[in-house]
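Peer 1:
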Amino acid sequence: MTYDLAVWDGERPSDDAAAAKVFEALYREYIDSDEVQPPTARIHAYVDALLARYPDMDDDNDDVCPWSTAPLMDEAAGPLVYFPMRWSMADEVSDWAARLAAEHGLVCFDPQENTLRP
Numbered sequence: 001m002t003y004d005l006a007v008w009d010g011e012r013p014s015d016d017a018a019a020a021k022v023f024e025a026l027y028r029e030y031i032d033s034d035e036v037q038p039p040t041a042r043i044h045a046y047v048d049a050l051l052a053r054y055p056d057m058d059d060d061n062d063d064v065c066p067w068s069t070a071p072l073m074d075e076a077a078g079p080l081v082y083f084p085m086r087w088s089m090a091d092e093v094s095d096w097a098a099r100l101a102a103e104h105g106l107v108c109f110d111p112q113e114n115t116l117r118p
C-alpha cells in the first residue's frame, strides 16, 4: 500500500475543493498523457531536495527508503510531481515533504484526503 502526494507549481487554490479540481486537471494533462514532458525547473529543484534527504530506492536502501518508485524524478512532468511513498513512512515523510513544498513556493495536495497541505 502506498500514500501519494501531489505537488505543483502554481497559485494555491482557495480551498480543498478547488485544489482537487486543479489536481485532477493537472493529472490528466501531465501524468495521464502519452506525451512525456520534462519537469519545470521548480519541480525539478523540489524533487532534487526530496532526494537530497532520502535518495532514490535501490537494492542497498530499499528497506529504509520512503519512495515506492524509482527514479523519483520520473514521477515529475511539467509543473506537477505525483509521487507514492511507503505507507509505513507516510506520516513522517509526507509532513516533511509538504513543508518542503511550501518552502519551495509550491502547492501540496493530499489526494487520499482531498486536502491542501500544510
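All residue numbers for the sequence shown refer to UniProt numbering, where the first residue is 1 and numbers rise by one. C-beta atoms are modelled at their ideal positions from N, C-alpha and C, and glycine is treated no differently. Nothing here was measured: the structure is a model prediction, and the numbers come from that model.
#1: At which residues does the alpha helix (DSSP H) containing Leu5 begin and terminate?
#2: Taking DSSP as the reference, what is the three-state secondary structure of Asp91?
#3: Could you tell me if Glu75 is buried or exposed, where buried requires 16 or more neighbouring beta carbons within 10 angstroms of its beta carbon?
#4: To which residues of the same chain is Gln112 closer than 8 Å at the C-beta, ignoring the five residues directly before and after it?
#5: What did DSSP end up calling Asp110 once you bin it into helix, strand or coil?
#6: I want to know whether the stretch 78-93 touches the stretch 31-50 - three or more CB-CB distances under 8 Å.
#7: Give me whichever residues DSSP pairs with Val85 in a beta bridge.
#8: How far does the alpha helix (DSSP H) with Arg42 in it extend, from its first residue to its last?
#9: With H, G and I counted as helix, E and B as strand and the rest as coil, what does DSSP make of Arg117?
Peer 2: In this structure, then:
#1: Here Leu5 belongs to no alpha helix (DSSP H); instead the beta strand (DSSP E) covers 2-8.
#2: helix
#3: buried
#4: Tyr3, Asp4
#5: strand
#6: yes
#7: Note on residue identity: the sequence assigns Met, not Val, to residue 85. Answer is Tyr3, Trp67.
#8: 41-53
#9: strand
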